[in-house]
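Be aware that the sequence shown starts at 32, since it is given in the numbering used here, and climbs by one per residue.
Just so you know, even glycine gets a beta-carbon here, dropped at the ideal spot from N, CA and C.
Everything numeric in this text was worked out from a predicted model, so none of it was measured.
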Amino acid sequence: MNAFRCLAAAIAACSVVAPADAQSSNPPRRAHHSIAYDETRQRVILTGGSTPRDGGSRFEFFNDLWEFNGDRWTPLVSSGEKVSGVALAYDTRRKRMVSFGGYRGMSVGDVRVLENGEWNTIGKHDAMPAAEPGFVYDPARDRFVAFGGSAGRGQAHGDTWEYDGTAWTKVAVAGPPARQAHAMVYDAQRRRVVLFGGMGVPAEGQPPPLFGDTWEFDGSNWRRSDGPGPSPRSGSGITYDSRSGLVVLFGGADSGGFKGDTWSWNGAEWRQHSGPGPDARAMGYLAYDKMRARVVLFGGRTGYPDGDLADTWEWDGAAWRQFQSPALRGR
32 MNAFRCLAAA
42 IAACSVVAPA
52 DAQSSNPPRR
62 AHHSIAYDET
72 RQRVILTGGS
82 TPRDGGSRFE
92 FFNDLWEFNG
102 DRWTPLVSSG
112 EKVSGVALAY
122 DTRRKRMVSF
132 GGYRGMSVGD
142 VRVLENGEWN
152 TIGKHDAMPA
162 AEPGFVYDPA
172 RDRFVAFGGS
182 AGRGQAHGDT
192 WEYDGTAWTK
202 VAVAGPPARQ
212 AHAMVYDAQR
222 RRVVLFGGMG
232 VPAEGQPPPL
242 FGDTWEFDGS
252 NWRRSDGPGP
262 SPRSGSGITY
272 DSRSGLVVLF
282 GGADSGGFKG
292 DTWSWNGAEW
302 RQHSGPGPDA
312 RAMGYLAYDK
322 MRARVVLFGG
332 RTGYPDGDLA
342 DTWEWDGAAW
352 RQFQSPALRG
362 R
C-alpha cells in the first residue's frame, strides 16, 4: 500500500482497544496524535493518537498525556476518552489547552479543555463532527477558527467556523475546497490563519484528490496565495516559529510516497530548507517551544501497518537534531 493510500485508509480507524503501558521514557509509537505548546507551563503537550495492530485489522487508540521540557518526556495522568485525529490549540487568554474533534468509532465534534491532567468536555459542535480538522486559536480576536476535517465515509467539511469559548458561529465566506488531513496554523506576526494542502473528497471510484494550495484567513476573508511551494500532499506537520516569524512545515504523503522535506512560509513565498533531517513521514506533527526557540516533532507514519514512529526531533531554524532520552544518554 503506497503512502497516500495508507494515510487515507488509516483515517477510517477500526476497533478501539486499551492502550499499551505508557510508563516508559518516551511516548509509544503512533500517528494521528495531537501536539501543542503550553505557554504557561512552558512544556510541549502530546496526547491521543492511534497505531495499527494485528496487521492493520484493528487500531490501538491512546488516551495518554505527556509533556516535554527539552530534556525528557514525562507521562502525566489522563483519564480522558481514547481519541485519534484530535486538533489541539492553546488558549493564551484563558491559559488552557483546548481540543476539538477527533475519531472514536465515528467523527465527533467535542470541545474539551485540559484541567488538572483530565480532559473535560465543555461543548459540542454537532454541525461539524470532524477528525483531523484544522483548529487554531486567534489571540488577536480571541476566537478559535476551525476548517475542514473528515466527516466520515470519504467526505470532508469545507465550512469555516469560529468558537468563542461558549458558542460556535459559521463564517459566511468563500474559502478553500472541502478537505481533511490538511495543515493549519496561526501566524501571530501577520495575524493570519495559514492553511496548506490536504486531501479532498473523491469522485466515485477514484482516490481522494491532493491539494498543494496555500490559503490565508484574516478573520473576514480567505485569500489563496499562488506561487511555487511544497508539492500536493496530506498529513504534513506545521507550526509557527515566533522567533523567526515563519510558518514551518514538514513531511506529508502523496501517491509517490512519504515526504521528508522542510519548508518555511513568510507570508509571500515558500522556501525549502536543505540538509539531513527526520525520516520521511506523514502525521509527524509539530509544536513550537517558545522558551527554547525550537520546533519539536514527534512520531508519525512511514508505512502501513508497521511503520509508526516514536522518535523526537528538534529544528532550530537551520538544522534538525534527533532527541535522545536520558536513558539512551546514560543518565
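For the region 244–298, the continuous beta strand (DSSP E) assignments of 3+ residues that do not extend past its boundaries occur at 253–256, 268–272, 277–285 and 288–296, in sequence order. At a Cβ-Cβ threshold of 8 Å, PHE178 and GLY196 do not count as neighbours. Using a 10 angstroms sphere on the CB of GLN186, the tally of other CB atoms stays under 16, which defines it as exposed.
In this structure LEU119 touches SER130 by the C-beta definition: roughly 5 Å separates them, less than 8 Å. For ARG325, the enclosing beta strand (DSSP E) stretches over residues 325–332. If you draw a straight line from the Cα of VAL139 to the Cα of HIS64, it is about 15 Å long.
With a threshold of 16 other beta carbon atoms within 10 Å, VAL114 meets it and is buried. Residue environment: MET137 is assigned as exposed (fewer than 16 neighbouring CB atoms within 10 Å of its CB, all protein chains considered). For ALA209, no beta strand (DSSP E) encloses it, and the DSSP letter there is neither H nor E.
Here the alpha carbons of ARG124 and ARG174 stand approximately 10 Å from one another.
In the assembly as shown, ALA349 is an exposed residue. Its beta-carbon has fewer than 16 other beta-carbons within 10 Å. Under the three-state reduction of DSSP, GLY87 is assigned to helix.
Ranked by Cα distance from GLY288, the options ARG135, TYR319, ALA62 and ALA313 are led by ALA313. By the C-beta criterion, the region 88–98 is judged not to be in contact with the region 298–313, since fewer than 3 inter-stretch pairs fall below 8 Å. Contact between SER81 and ARG61 holds, since their C-beta atoms are separated by about 6 Å, short of 8 Å. Assigned with DSSP and collapsed to three states, GLN237 falls in coil, not helix or strand. Minimum Cα-Cα distance from HIS213 among the listed residues GLY231, TRP344, ARG74 and ALA205 corresponds to GLY231. DSSP places SER65 in the strand class (E or B) of the three-state scheme. An exposed status is given to GLN355, since fewer than 16 other beta-carbon atoms sit within 10 Å of its beta-carbon. Boundaries of the beta strand (DSSP E) harbouring ARG174: 174–178, taken from the DSSP string. At a Cβ-Cβ threshold of 8 Å, ALA318 and THR270 count as neighbours. For ARG255 against ASP285, the beta-carbon gap comes to about 20 Å, at or over 8 Å, which does not count as contact.
Around the Cβ of ASN147, a 10 Å sphere holds fewer than 16 other Cβ atoms; the residue is exposed. Between PRO261 and ASP218, the CB-CB gap reaches or exceeds 8 Å. Minimum Cα-Cα distance from GLY229 among the listed residues TRP104, PRO259 and PRO207 corresponds to PRO207.
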